[in-house]
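Protein chains in written order, with numbering that gives the first Met the number 0: chain A, 0 to 274; chain B, 0 to 274. Idealized CB from N, CA, C, for every residue including glycine. Working notes, beginning with the structure itself.
Number of protein chains: 2
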Amino acid sequence: MSQIAELKALRGKATGSVGLVPTMGYLHDGHLALVRQARDENEAVVVSIFVNPTQFGAGEDFASYPRDHERDLALLKEERVDIVFVPPVEEMYPAGFCSGVEVGRVTERLEGVSRPGHFRGVATVVAKLFNIVEPTRAYFGQKDAQQAVVIERMVADLNMNLEIVIAPTVREPDGLAMSSRNIHLNSEERRAALVLWRALSLAQQLFSQGERQAESIRHRMSALIQEEPLASIDYVSIAGAASLEELATIEGPALVSLAVRIGSTRLIDNIVLGG
Amino acid sequence: MSQIAELKALRGKATGSVGLVPTMGYLHDGHLALVRQARDENEAVVVSIFVNPTQFGAGEDFASYPRDHERDLALLKEERVDIVFVPPVEEMYPAGFCSGVEVGRVTERLEGVSRPGHFRGVATVVAKLFNIVEPTRAYFGQKDAQQAVVIERMVADLNMNLEIVIAPTVREPDGLAMSSRNIHLNSEERRAALVLWRALSLAQQLFSQGERQAESIRHRMSALIQEEPLASIDYVSIAGAASLEELATIEGPALVSLAVRIGSTRLIDNIVLGG
């Protein structure tokens with residue numbers, strides 16, 4: 000289904016709970032875990048597939064973002080998804096479109112620094128999808144930890160009528176977080192990409208051993224990543240899990256997150272300590 | 000009723016259509032005309048009264064904006080309004096609030112130039128009220144013409160699920176547009192304030208006589224206002240009724256709008272030509 004009016008008309012007829020899983024397609028087991036949870040918890044499931052141009056900056060990978068529509072549809076059919084919503088760009092952003100949702104402070108750090116405008120794009124398209132689908136619950140992955148914080152903030156601030164469900168990151172057997180962008184990695188890069196998980200595991204280990212000085216953990220993580228010649232650090236952060244403000248000392252729940260370029264592919268990952 | 004959760008719980012029980020009239024209180028016949036139309040067109044009517052601090056700039060009249068809660072409630076009771084929603088500021092903007100809705104181009108002109116940030120405040124609070132009340136229809140006055148354009152743009156851009164109804168400006172017998180701010184005018188200023196309506200009437204007359212050169216009409220309007228010693232022009236505009244871009248020649252519907260200070264009170268008014 001590609002038309003907003005068509006989806007709204009169908010939605011108007013649904014009486015039970017509706018779960019929405021917003022995606023950019025090129026689905027992996029992380030997406031499918033969200034779909035299965037939505038299936039378990041709602042009477043109907045809607046999955047949207049939309050590579051949203053407004054959340055990509057100039058020079059980012061909008062054009063090269065991987066797409067495989069037929070495979071996606073086949074996977075979602077297997078999961079008994081009720082509606083797959085695949086709007087064209089001009090359906091979401093017709094001529095004259097000029098509105099946006101901005102979420103403050105929590106968008107100004109981490110990804111927001113590296114990708115200015117990214118979260119305005121995300122918040123705006125997610126607000127649109129919420130209004131189009133009117134879901135009872137919407138499902139997002141912890142893999143995009145800051146996105147989860149931003150969306151929860153938007154929903155609370157604007158009094159939106161739905162529940163946000165954040166599901167755990169799904170990983171490959173060796174620990175690499177599933178991501179549609181992993182397809183860009185050649186075999187050497189795929190091996191190097193494991194450095195993200197090794198750095199997060201090191202943070203977990205140091206924390207378990209009693210380390211609470213955030214800078215000490217950041218330093219050890221960065222040193223580990225720098226040993227990998229194919230890796231280039233964008234950021235290594237230990238921040239308050241809700242505020243996203245960098246911590247000196249870990250007391251409450253802390254989000255340990257990082258963005259690292261492996262060759263030309265930018266990967267992100269995170270864990271929560273003390274949560 | 001002052002609590003969002005309480006209103007949402009009640010709203011969840013309503014099965015028929017709901018009309019919302021958002022106001023800042025100190026109600027006049029313009030507001031009451033909106034309430035009556037909402038009453039005619041919906042099974043239930045909600046009126047919100049909230050002097051929204053975020054749509055007032057520094058040095059504007061938030062503190063002195065007129066308030067008379069008891070009189071407002073009595074008037075709305077007479078109109079058989081089902082729910083009057085009067086949230087305190089901290090209910091609408093609790094600690095940590097940091098989101099906002101921005102509407103582009105159409106907010107950058109007219110009031111948006113004189114009152115930077117005003118329409119972000121308006122769009123954000125209106126989006127919140129729409130999510131809290133989930134109205135079938137929401138009612139606004141043509142008196143705030145640009146606000147009407149901004150809200151219609153927001154609703155279309157963000158795919159909000161309601162109908163926006165814009166009702167004609169209600170005027171005093173001598174032509175002065177009703178406004179809560181008129182209470183600030185002393186008797187001399189009240190007389191001088193009629194210059195807004197006289198300028199708009201002049202524009203209507205020139206247009207009826209065949210004048211299509213916008214600058215000629217603006218010039219005649221400004222000259223008329225300048226004859227009034229208590230009046231100080233903020234802007235006199237003839238713009239496309241949807242784009243709000245200043246026109247050279249009037250071809251389609253044109254919004255003739257103006258903002259004028261009468262003493263220390265800033266008044267706005269407008270008419271549409273060729274609509």
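Beta bridge counterpart(s) of residue i as assigned by DSSP
| i | result |
| --- | --- |
| A:Phe55 | A:Phe55 pairs with nothing; no bridge assigned. |
| A:Arg180 | Note: A:Arg180 sits in no beta bridge, so no partner. |
| A:Ile232 | A:Val259 |
| B:Asp268 | B:Leu257 |
| B:Gln212 | B:Thr248 |
| B:Ala43 | B:Val17 |
| A:Phe84 | A:Ser47 |
| A:Ile224 | A:Ile224 is not bridged to any residue. |
| A:Ala238 | A:Glu245, A:Leu254 |
Chain B contact for residue i (CB, 8 Å cutoff)
| i | result |
| --- | --- |
| A:Phe96 | yes |
| A:Lys12 | no |
| A:Leu246 | no |
| A:Arg35 | no |
CB contact check: residue i to chain A, cutoff 8 Å
| i | result |
| --- | --- |
| B:Asn51 | no |
| B:Ile3 | yes |
| B:Val100 | yes |
| B:Arg70 | no |
| B:Arg152 | yes |
Minimum C-alpha distance to residue i - residue among the options
| i | options | result |
| --- | --- | --- |
| A:Arg104 | A:Cys97, A:Val149, A:Met220 | A:Val149 |
| B:Tyr138 | B:Trp196, B:Cys97, B:Val45 | B:Val45 |
| B:Glu40 | B:Val164, B:Pro115, B:Leu74 | B:Val164 |
| A:Pro228 | A:Arg190, A:Tyr64, A:Gly29 | A:Arg190 |
| A:Leu266 | A:Ser113, A:Val132, A:Gln204 | A:Ser113 |
| B:Val100 | B:Phe129, B:Ala62, B:Ala202 | B:Phe129 |
| B:His218 | B:Ser236, B:Phe49, B:Ala13, B:Ser231 | B:Ser236 |
| B:Leu26 | B:Ala8, B:Ala62, B:Val50 | B:Val50 |
| B:Val275 | B:Val271, B:Ile261, B:Gln54, B:Glu69 | Here chain B covers residues 0 to 274 and nothing more, so residue 275 of chain B does not appear. |
| B:Gln145 | B:Arg260, B:Ala247, B:Ser242, B:Ile249 | B:Ser242 |
| A:Gly56 | A:Gly209, A:Arg119, A:Val259 | A:Arg119 |
| A:Gly174 | A:Trp196, A:Val154, A:Val85 | A:Trp196 |
| B:Ser47 | B:Leu254, B:Glu210, B:Leu31, B:Gly58 | B:Leu31 |
| B:Phe19 | B:Ser1, B:Asp28, B:Val34, B:Glu5 | Per the sequence presented here, residue 19 of chain B reads as Leu, with Phe not at that position. Here the closest residue by C-alpha is B:Val34. |
| A:Ala62 | A:Glu69, A:Pro52, A:Thr264 | A:Pro52 |
| A:Arg38 | A:Thr264, A:Asp268, A:Val154, A:Thr135 | A:Thr135 |
| A:Gln2 | A:Ser98, A:Val132, A:Gln204 | A:Val132 |
| A:Thr264 | A:Pro86, A:Ala238, A:Ala230 | A:Ala230 |
| B:Pro86 | B:Leu6, B:Leu199, B:Glu69, B:Leu257 | B:Leu6 |
Residue i CB to nearest heavy atom of the ligand GTP below 7 Å
| i | result |
| --- | --- |
| A:Ser16 | Ligands are entirely absent from the displayed structure, and the ligand GTP is therefore not among its contents. |
Uninterrupted beta strand (DSSP E) stretches inside the region 89 to 135 of chain A (no shorter than 3 residues): For the region 89 to 135 of chain A, whole beta strand (DSSP E) runs of length 3 or above, ordered along the chain, are 98 to 102.
Residues from the region 128 to 143 of chain B in contact with chain A, defined by Cβ distance under 8 Å: Cβ proximity to chain A below 8 Å picks out Asn130, Ile131, Glu133 from the region 128 to 143 of chain B.
Contact set between the region 154 to 171 of chain B and chain A, restricted to residues whose Cβ is under 7 Å from the partner: Of all residues in the region 154 to 171 of chain B, Asp156, Leu157, Asn158, Met159, Asn160 have a Cβ within less than 7 Å of some Cβ in chain A.
Chain A contacts from the region 102 to 131 of chain B (Cβ-Cβ distance under 8 Å): Answer in chain order: Val102, Gly103, Arg104, Val105, Ala122, Thr123, Ala126, Lys127, Asn130, Ile131.
The region 262 to 273 of chain B: positions lying closer than 7 Å to chain A by Cβ: If the cut-off is 7 Å between Cβ atoms, the region 262 to 273 of chain B has nothing near chain A.
Continuous alpha helix (DSSP H) assignments of at least 4 residues falling wholly in the region 133 to 205 of chain B: You should have 144 to 156, 186 to 191.
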